[in-house]
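Each remark here refers to the structure printed beneath this line.
2 protein chains.
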Amino acid sequence: MTVRRGEALPSGPFELGHRSLQAGLREWVQDQTGHPVGYLEQLYTFADRDRTHESARWRAISISYLGLVREQAAPGAGNPGWHGWYEYFPWEDHRKGRPEILSEIADRLQRWAEAEPSRREYRKRRVEFTFGLEGAPWNEELVLHRYELMYEAGLVAEAAPGSGSAGRAMFADHRRILATGIARLRAKIKYRPVVFELMPESFTLLQLQRTVEALAGLTLHKPNFRRLIDQQELIEETGEVTSETGGRPAKLFRYRHAVLEERALSGSKLPLSRS
Amino acid sequence: MTVRRGEALPSGPFELGHRSLQAGLREWVQDQTGHPVGYLEQLYTFADRDRTHESARWRAISISYLGLVREQAAPGAGNPGWHGWYEYFPWEDHRKGRPEILSEIADRLQRWAEAEPSRREYRKRRVEFTFGLEGAPWNEELVLHRYELMYEAGLVAEAAPGSGSAGRAMFADHRRILATGIARLRAKIKYRPVVFELMPESFTLLQLQRTVEALAGLTLHKPNFRRLIDQQELIEETGEVTSETGGRPAKLFRYRHAVLEERALSGSKLPLSRS
DNA sequence: CTCGATATACTCACTTGGAGTATAATAGGA
DNA sequence: TCCTATTATACTCCAAGTGAGTATATCGAG
Chain B
1 MTVRRGEALP
11 SGPFELGHRS
21 LQAGLREWVQ
31 DQTGHPVGYL
41 EQLYTFADRD
51 RTHESARWRA
61 ISISYLGLVR
71 EQAAPGAGNP
81 GWHGWYEYFP
91 WEDHRKGRPE
101 ILSEIADRLQ
111 RWAEAEPSRR
121 EYRKRRVEFT
131 FGLEGAPWNE
141 ELVLHRYELM
151 YEAGLVAEAA
161 PGSGSAGRAM
171 FADHRRILAT
181 GIARLRAKIK
191 YRPVVFELMP
201 ESFTLLQLQR
211 TVEALAGLTL
221 HKPNFRRLID
231 QQELIEETGE
241 VTSETGGRPA
251 KLFRYRHAVL
261 EERALSGSKL
271 PLSRS
Chain P
276 MTVRRGEALP
286 SGPFELGHRS
296 LQAGLREWVQ
306 DQTGHPVGYL
316 EQLYTFADRD
326 RTHESARWRA
336 ISISYLGLVR
346 EQAAPGAGNP
356 GWHGWYEYFP
366 WEDHRKGRPE
376 ILSEIADRLQ
386 RWAEAEPSRR
396 EYRKRRVEFT
406 FGLEGAPWNE
416 ELVLHRYELM
426 YEAGLVAEAA
436 PGSGSAGRAM
446 FADHRRILAT
456 GIARLRAKIK
466 YRPVVFELMP
476 ESFTLLQLQR
486 TVEALAGLTL
496 HKPNFRRLID
506 QQELIEETGE
516 VTSETGGRPA
526 KLFRYRHAVL
536 EERALSGSKL
546 PLSRS
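Just so you know, the protein sequences line up as chains B and P, in that order. Here the first sequence stands for residues 1 to 275, where the numbers follow this note's numbering. Here the second sequence stands for residues 276 to 550, where the numbers follow this note's numbering.
Quick look at the structure:
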């Protein structure tokens, strides 16, 4: 959920009137986007000089949060609007196989690695590991590592305006914050039932799977996904079915609001499929 | 590593002269404890009104970090000294079985749960889950949850001065920050090779195991621990042995500074032993 | 030389997780 | 009416991972 036509994330100053950081944040997001925020989790606090204004008189400290809401129309004040995050990170979407843009990125990164003789080997291995090249597996959690590496190599507009850049840029370091959020969320869905913060009241198993796939940027193995889900006993049938999905009607499920949200998805990983 | 005779964590204000949050922190810790800090990781940013000064004129924002160093004598300015963290959290050390103090804590928590009729069931389940009662397994990562629950129930001196309290208290909310750090570290050792930040140049496998056990507050299964370690290929033999351990001399190992620190301990959990 | 203590190596059974296949129920078109 | 495409649901298989136990090796002390 963005403001300024997709150029920035909702944000605002922390003021004395705010009861807490979270409370202040909720107010700002509500004002700017018209959305009440449900799930909220602190991400990271930035205060690097080079990432903010160059003034020597004051210093911005940015405290970033990850929030989850259900999609809905949003008549807020700041020109809010929904944007899929792969618009900003097209190389992160592997649901339809390896995206083509990755080849170009890999080429440019490898040229960048070759460019400095002294750190060549280190850079090359870092590129290969981070982007899953040369037989290394693609690790969907390294979103921030990949962005930072591309920033270093001057492949994103925030670092090198004008140069042929990958993905849509954002205001200031908002894209970096977004990368942090995606990375955190991709890691978290593996051991905490946060997906349900994004789901409507009732849903089919495939809808749930498609949501997880959208987050992870990967396709999952259907039978194993189902096995995993009902092992956890986190959802229950509503008793109703829907035929809106085409084909055989699907059972509808709802989230069993677990007594303890802290309850972990005991050591479960995602059931990936390599195909 | 504490200052003020074990009553506080090293801390200091962030100033305009500091290049970054991390750089400022390093300076402060070095000054107060005489220690250079190696590994550093941001923990959490607090700005709750009730946890800081009650003034309406200004507001403290505390940005906490987790740092790891190797033990050594420390002639710093702030009366620095080493303290085992189980001095502050005696209920967290399960290396010699369930600590006795847990029975008392459990009793008092259960009385607290019973005290409020409307939320009784919820509180009881929360206590059982968080402290591993009534057949629920002990989850060593819930350090912060346990501390917060005890805070709520008035079992720690920070919340209720004078009342029979468990563990040694600290200045302001420093014990809460420490709990956050322990929780983070206990979670992290399972998928990142951070233990080696605490180890000397060369060490035996049992020394490594004892270190992990001290962090996790649990005993590990020796053969499985060794199997896990050499699967990861993170360490290599130095070629030397030591007989300082008593019994058969043990081989010495060193950490193979992996080309990429980001390299995960691919999905490894700790080899726990239930005995 | 025996015993206690520590170090190291191997085996076994059970669970988990990736992958594939089979069957059921609907809509739409030949 | 029947066939087919499409989606939903259920079951099996196998290899790798993991908890647990046992056996052997090498030192010091008495």
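Glycine is no exception: its CB is placed at the ideal position from the N, C-alpha and C atoms. Values in this document were obtained by computation on a predicted structure and should not be read as measured data.
Beta bridge counterpart(s) of residue i as assigned by DSSP
| i | result |
| --- | --- |
| B:A250 | B:T242 |
| B:I235 | B:Y255 |
| P:R370 | P:G372 |
| B:Q22 | B:Q22 is not bridged to any residue. |
| B:V212 | Partner(s): none; B:V212 has no beta bridge. |
| B:G81 | B:T2 |
| P:S477 | P:R529 |
| B:A8 | B:V3 |
Sequence-distant residues of its chain with Cβ nearer than 7 Å to residue i (five each side left out)
| i | result |
| --- | --- |
| P:G313 | L343, V344, E472 |
| P:R501 | L480 |
| B:P99 | P90, W91, D93 |
| B:A8 | T2, M170, F171, H174 |
| B:A113 | R120, R123, K124, V127 |
| P:V304 | P285, H310, V312, G342 |
| B:W133 | Correcting the residue type first, residue 133 of chain B is Leu in the shown sequence and not Trp. Only A106, V127 meet the Cβ criterion. |
| P:I376 | P365, W366, A441 |
| B:G181 | L43, L66 |
| B:G84 | none |
| P:P524 | V516, T517, S518 |
| P:F404 | A411 |
| B:S20 | none |
Boundaries (first-last residue) of the beta strand (DSSP E) holding residue i
| i | result |
| --- | --- |
| B:F131 | Careful: B:F131 lies outside any beta strand (DSSP E), inside the alpha helix (DSSP H) at 120-131. |
| B:Y86 | Run containing B:Y86: none; DSSP gives neither H nor E here. |
| P:E338 | According to the sequence shown, residue 338 of chain P is Ile rather than Glu. Here the beta strand (DSSP E) through P:I338 covers 337-343. |
| P:T320 | 314-321 |
Residues near residue i by beta carbon distance below 8 Å, same chain, minus five either side
| i | result |
| --- | --- |
| P:V487 | I464, V470, L495, F500, L545 |
| B:Y147 | F89, V156, R175, R176, A179 |
| P:R301 | P311, V312, L315 |
| B:R256 | E233, L234, I235, E236 |
| B:G246 | none |
| B:P200 | R70 |
| B:R210 | none |
Delimiting residues of the alpha helix (DSSP H) encompassing residue i
| i | result |
| --- | --- |
| P:E433 | That residue, P:E433, is in no alpha helix (DSSP H); it is neither H nor E in DSSP. |
| P:Y422 | 418-427 |
| B:T180 | 174-188 |
Rounded Cβ spacing between residue i and residue j (contact assumed at less than 8 Å)
| i | j | result |
| --- | --- | --- |
| B:S202 | B:F253 | 7 Å |
| B:K251 | B:E236 | Not really, about 10 Å apart at Cβ, beyond 8 Å. |
| P:L384 | P:L419 | No, P:L384 and P:L419 are not in contact; Cβ-Cβ is about 16 Å, not under 8 Å. |
| B:L218 | B:E141 | With a Cβ gap of about 11 Å, B:L218 and B:E141 do not count as contacting. |
Neighbourhood of residue i by C-beta distance below 6 Å, restricted to the same chain and skipping five residues each side
| i | result |
| --- | --- |
| P:Y426 | A434 |
| P:S337 | F321 |
| B:S64 | L43, Y44, I177 |
| P:R443 | E362, Y363 |
| B:G12 | W28 |
Examine the Cβ distances between the stretch 283-293 of chain P and the stretch 232-246 of chain B and report whether three or more of them are shorter than 8 Å. no
Would you call the stretch 182-192 of chain B and the stretch 222-236 of chain B touching, i.e. three or more CB-CB distances under 8 Å? no
Would you call the stretch 164-178 of chain B in contact with the stretch 80-88 of chain B, where contact means no fewer than 3 C-beta pairs closer than 8 Å? yes
Could you tell me whether the stretch 155-164 of chain B touches the stretch 227-236 of chain B, using the rule of 3 or more Cβ pairs below 8 Å? no
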